[in-house]
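Protein chains in written order, with the numbering used here: chain A, 1 to 342; chain B, 343 to 727.
Worksheet: one structure, shown below.
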Amino acid sequence: MATYIQIDPTQKLDPFKSVKKLPLEEYFTSGHRTCQGCESALVMKMMAKAAGPRSIILGSTGCMYVANTTYYSTSWVVPWMHTQLGSSGSAALGTSAALKVLMRKGKIKNEPINVIAFCGDGGGADMGVGAISATLTHAEYNSLILMYDNESYANTDIQLSGSTPWGANTTFSSPGKVKRIMHRRWKKNMAGMMAAGHPECKYVATICMSYGLHGMNSIRKALAIGGPTFIHSLDPCPKGWDYDPYLSHEMGELAVNSGVWPLYEVENGLLRLTGRTEQIAAGKIRRVPVRDYLLKQGRFAHFTNDDIDYFQSKIDDMWEKWLIPGVIPFRRDVEADTPPSS
Amino acid sequence: MKADPRGVLTGTHFLDGDHACCEGALAAGARFAAGYPITPSTEVVERFASRVPKVGGTFIQMEDELAASITLQGAVWGGAKAFTVTSGPGFSLMMEHIGYAAMTETPCVFVDVQRGGPSTGLPTLPAQADMMQARWGSHGDYEIIALCPNSPQECFDLTIQAFNFSEEFRVPVMFMMDEVVGHMTEKVIIPPADQIEVVPRRHTRKAVEDYLPYGTNGDGVPEMAHAGEGYKFHVTGLTHDEHGYPNMTPATQDKLVRRLQNKIHDAIDRITLLEEECFDSEDVVVVSYGITSRVAQRAIEMARERGLKVGKLRLITCWPFPEKRIRELAATTKAFVVPELNLGQMVREVERAANGKARTFAVPHAGGSVHRPEDILKVIVEASR
């Protein structure tokens, strides 16, 4: 079948071989006002470094909008535009479409320009999921949507989002004497949803910037492959997760090594587990108990042993009972769900 | 009917307006809130989320304001008293569903803690620039009721009133707070439950075969039945007849839309709440609402110290607009002065109602802070000449 969709050339973005080979130039620099230990700010920095100078970055409302652009300061060295909370996908689509037209008409130099739209988990997994989904169906427009997921509406003081894990204490789900577990929903599987449901999307990946080189190379691959792409980044948040800021890096490692946050990529429909997750799946390293991950975070301080066991059982399910372990939660058998009484 | 004591935190408290609003909702019988975080309103539902396990009820975090504004209507048709809370950008998203609530006559309360706009604007700073949006934001002809508190105590008292109006008239009620009122902390007295009057749902007592979902008993407000109770009813945003079924003829449209308006217009005297300090033939009457009324109070006192004859009219009910009272005052006063935290919204209504019988002076302010009393005084002095 002849293809009628013209995908524009993209930048040649080879993977970085090692940390020592990274360029020194920064495109997200000082001047931001994020919290101490903010992993999402690190994601912005790494994302901009991975993309390089010929990039346009769009950001929907959230921490990485407000904290990076207030009070006459901004840390963005590349062009940056705020978009409304649920509109990262639409903004990416519109920007990419306009660049295409301007280049076709000769109004601007014909060159590949990276269009990256980022959103938080509130803007991406909640309000903006429709816009992201729509953008991922438009094969002819090159863009990357990066969802930085700190698992709450951190910008407005830690309300739960569709990406908040089961049981977490947020300002919308404070545990109390009457009910201990106020949040009973499991985190949305955004990357799996986007990968499974968007045949025009050539690249979906999960990352965690505790593994920075892996994350940056995933971003470069997403930008180089062409068409709309999606990356879901898990970002530990000292304020929302309630831990000492110096633990941010370790918290990301624990999320991956406990199996709570699998790293993988789906490239042209081909699934590949990556990084430490690949080693876990191959049996080369054992998963760390989720207890080690949960108990370092104040948001789970109200958990009983039963709660921790239940959480562990859900993660075990992910790896042992999902048809595509860690990625797609289809199952062969229906089993009763028995959460602890709250 | 008296309030359910489970929801009433009787006592003397030190609360901010957002928390007082939540307590008002609980006292009024609200047992369902659909919330989406947005500054400066989030504290209302944060408190609701932490209070409902003890009171009984449901709080759901929604994925956006579109969802929140329709989820609460589902809850109402399921039998609950319900509300949602937002601020400017979220209020904009809710507009279609506010029209839906007006059309389907769903009793519910939308709390808007106003902040500077347009767009993201000033999330943590005040404005009163959603006043026209509250009235006209959704498409089509419809009426709503809007109340405007100026203190945490009123956030409690008037939230109950908002629910009562919504139930009495089966209309969405806009509760138009602002950032300063929402975040200021003052003494709030919550009376015992047996001293709080709440209006129950206008639930039908008719037999299933006699019930018409949108038939009225002469007062323009239909009785309600809830989903699952055995009554046949059909709720739709399409133009509908007494049976609730779509009937898209000009005659049905005319009858329905006029009734939606008239049920409010006909009760305007009962709905209108004003705080008035007009004596006899003032030179100037200052018309204000919300936080601006507290700044205006100081300006009025300063003007009186200078010997000017200045009256005060505070709009507690902003919509329907109390044009009858403005018209009466216009006959005896030289001018109206209308300070508000926008570049001129309710002042247009004052000017329209005055109908040239008294001059109207705006004291606009784009938001981000409150007026300085001196700025209002300056206009009072000018208007009194």
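Even glycine gets a Cβ: it sits at the ideal position worked out from N, Cα and C.
For residue i, the residue or residues it bridges with in DSSP
i: Y148/A; result: G120/A, S233/A
i: C450/B; result: P514/B
i: Q159/A; result: Y153/A
i: W423/B; result: Checking the displayed sequence, the identity of residue 423/B turns out to be Lys instead of Trp. BP columns for K423/B point to A372/B.
i: V115/A; result: I56/A
i: A677/B; result: V626/B, R701/B
i: M343/B; result: In the DSSP output, where bridge partners are listed per residue, M343/B has none listed.
i: M81/A; result: L58/A
i: M566/B; result: H545/B
i: G458/B; result: L464/B
Element boundaries [alpha helix (DSSP H), containing residue i]
i: F507/B; result: 494–511
i: G275/A; result: 275–281
i: D816/B; result: This structure does not reach residue 816/B, given that chain B is present from 343 up to 727, and the question cannot be answered.
i: W322/A; result: Premise fails: W322/A is in no alpha helix (DSSP H) and is neither H nor E.
i: C63/A; result: 63–69
i: G192/A; result: 190–197
is_contact[residue i, chain A] using C-beta, thresh 8 Å
i: A391/B; result: yes
i: I658/B; result: no
i: A417/B; result: no
i: Q456/B; result: no
i: P395/B; result: yes
i: T384/B; result: yes
i: T462/B; result: yes
i: I606/B; result: no
i: Q687/B; result: no
i: I412/B; result: no
i: E388/B; result: yes
i: Q595/B; result: no
i: Q403/B; result: yes
Where residue i falls: helix, strand or coil (DSSP)
i: L408/B; result: helix
i: I668/B; result: helix
i: C363/B; result: helix
i: F300/A; result: helix
i: T95/A; result: helix
i: T171/A; result: coil
i: E521/B; result: helix
i: F621/B; result: coil
i: H249/A; result: helix
i: F16/A; result: coil
i: E571/B; result: coil
i: P468/B; result: strand
i: K654/B; result: strand
i: Q475/B; result: helix
i: R286/A; result: coil
Segment limits, beta strand (DSSP E) that includes residue i
i: R701/B; result: 701–706
i: S60/A; result: 55–60
i: G353/B; result: 353–358
i: G37/A; result: Premise fails: G37/A is in no beta strand (DSSP E) and is neither H nor E.
i: V204/A; result: 203–207
i: Y243/A; result: From DSSP, Y243/A is part of no beta strand (DSSP E); its letter is neither H nor E.
i: T527/B; result: 527–532
i: L489/B; result: 487–489
Residue i: CB within 7 Å of a non-hydrogen atom of the ligand GDP
i: I502/B; result: As for the ligand GDP, it is missing from this structure, which has no ligand bound.
Environment of residue i [buried if 16+ CB atoms lie within 10 Å]
i: E25/A; result: exposed
i: G482/B; result: exposed
i: S87/A; result: buried
i: G353/B; result: exposed
i: L270/A; result: exposed
i: I56/A; result: buried
i: S341/A; result: exposed
i: Q84/A; result: buried
i: H707/B; result: buried
Short CB-CB distance (under 8 Å) between residue i and chain B
i: T206/A; result: no
i: T156/A; result: yes
i: Q84/A; result: yes
i: K179/A; result: yes
i: M251/A; result: no
i: M1/A; result: Bear in mind that a pLDDT of 45 at M1/A, under 50, signals an unreliable position, so the number given afterwards is only what the model happens to contain. So no, M1/A is outside the interface.
i: Y141/A; result: no
i: L160/A; result: yes
i: D126/A; result: yes
i: Y153/A; result: yes
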